[in-house]
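Participant:
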Amino acid sequence: MHYLDYLILIIAGFGAGFINTIAGGGTLLTLPTLIFIGLPPAVANGTNRVAILIQTFFAIRGFKSKQVSTYPFSLYLGIAAFLGSFIGARIAVDIKGELFNKILAIIMIVVVALIAIQPKLNINQLQERLLGKYLWMSIIVFLFLGIYGGFINAGIGFLMLLWLPYINRMSLVRAKATKVFVVCLYTISAVIMFAYHDKINWFYGFVLAIGNASGAWIASRWSVKKGDGVIKIIVVIMVMVMAIKLWFSKQ
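Adding 6 to a residue's 1-based position in the sequence shown gives its number in our numbering.
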């Protein structure tokens, strides 16, 4: 591994950790980066989970330092996603590299569309709905989100931040705190599955995690309203470029 690759991974990780914590879509930066520096798609997918796990741990600590927690609601959703993640990760370890690249390219385009059309919510008019049918609806939905997260994880933050505010009526900050806890929990099962099938490059994963953890810690303590527009523009441009390159990749 060239020293320049270290720098590229740390920078990509920082951007991903920051973006993942304030919204979502950071995997759209790190996963293609890992593929472009030479990892097979399945190994890149598994390696990325190491950084995500460490990133979400630091994000949780950051939110808790600001007294933001949604326990036990987040635990219920996390357990459902944890179980689903085993299924998704099992599918991911067996998929062929070229097919995986094309699926990732399509997902990246879909996520860009979600970024563009994501509606704004007046968080001052929210009254949380965390019990009864709304809890069970969320548990079922997050089971399937866990399957998706175990498979690829890319853009799952946007899906969670569409569901939690509009169905459970959570404020954006509390929804993000819930999101990082759930992702941390289901990523544990994904790491177990990828590691069992020897689909993780641990050294690359920990180098990437340096950036991810740094970005997550800063973002979790930073005002979520600052810089969203600029970040969205950067993500859209990078995702479009990487999606085109992935689609035509023969790896």
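Quick reminder that beta carbons are idealized off the backbone N, C-alpha and C, glycines included.
Since the model is a prediction, treat every value here as computed from it, not as a measurement.
Quick check for students: name the residue ranges of the alpha helix (DSSP H) that lie wholly in the region 134-159, counting only runs of 4 or more.
Facilitator: 138-157
Participant: Looking only at its chain, what residues have a beta carbon closer than 7 angstroms to the beta carbon of Ile60, apart from the 5 residues adjacent to it on each side?
Facilitator: Counting from 1 along the sequence shown, the entry for residue 60 is found at position 54. Non-local C-beta neighbours of Ile60 in its own chain, meaning closer than 7 angstroms and more than five positions away in sequence, comprise Ala215, Asn218, Ala219, ordered along the chain.
Participant: Whole angstroms are fine: how far does the CA of Leu105 sit from the CA of Pro46?
Facilitator: In the sequence shown, counting from the first residue as 1, residue 46 sits at position 40. In the sequence shown, counting from the first residue as 1, residue 105 sits at position 99. Looking at the two C-alpha atoms, the distance is approximately 12 angstroms.
Participant: Whole angstroms are fine: how far does the CA of Asn207 sit from the CA of Leu137?
Facilitator: The sequence position of residue 137 within the sequence shown is 131, counting from 1. The sequence position of residue 207 within the sequence shown is 201, counting from 1. Each residue's Cα considered, the two are about 41 angstroms apart.
Participant: Taking the alpha carbon of Phe64 as the point to measure from, which residue in Tyr192, Lys205, Phe187 has its own alpha carbon closest?
Facilitator: In the sequence shown, residue 64 corresponds to position 58, counting from 1. The candidate whose alpha carbon is nearest that of Phe64 is Phe187.
Participant: Between the alpha carbons of Ile115 and Phe69, how many angstroms are there, rounded?
Facilitator: Residue mapping note: residue 115 aligns to position 109 of the sequence shown, counting from 1. Residue mapping note: residue 69 aligns to position 63 of the sequence shown, counting from 1. Straight-line Cα distance between these residues: approximately 30 angstroms.
Participant: Using a 10 Å radius around the Cβ and a threshold of 16 neighbouring Cβ atoms, would you call Leu10 buried or exposed?
Facilitator: Position 4 of the sequence shown, counted from the first residue, corresponds to residue 10. Leu10 should be labelled exposed.
Participant: So the candidates are Ser71, Gly211, Ala225, Phe148; which of them puts its Cα closest to the Cα of Ile43?
Facilitator: Your numbering for residue 43 matches position 37 in the sequence shown. Checked all of Ser71, Gly211, Ala225, Phe148; the closest Cα to Ile43 is Gly211.
Participant: Considering only the beta carbon of each residue, do Gly156 and Ile109 sit closer than 9 angstroms?
Facilitator: Counting from one through the sequence shown, the residue named residue 156 turns up at place 150. Counting from one through the sequence shown, the residue named residue 109 turns up at place 103. Their beta carbons are not under 9 angstroms apart, which means Gly156 does not touch Ile109 by this criterion.
Participant: Give, in chain order, every unbroken run of the alpha helix (DSSP H) that is at least 4 residues long and sits entirely within the region 56-112.
Facilitator: 79-100
Participant: Starting from Pro171, follow the alpha helix (DSSP H) in both directions and report where the run begins and ends.
Facilitator: Residue mapping note: residue 171 aligns to position 165 of the sequence shown, counting from 1. First-last of the alpha helix (DSSP H) with Pro171: 162-173.
Participant: So, is Phe209 buried or exposed, given that buried needs 16 or more other C-beta atoms within 10 angstroms?
Facilitator: Along the sequence shown, read from residue 1 onward, the residue named residue 209 stands at position 203. With fewer than 16 other Cβ atoms within 10 Å, it is exposed.
Participant: For Val147, which of Ile41, Gly90, Thr193 has the nearest alpha-carbon?
Facilitator: For this step, residue 147 is matched to residue 141 along the sequence shown. The shortest Cα separation from Val147 among Ile41, Gly90, Thr193 belongs to Gly90.
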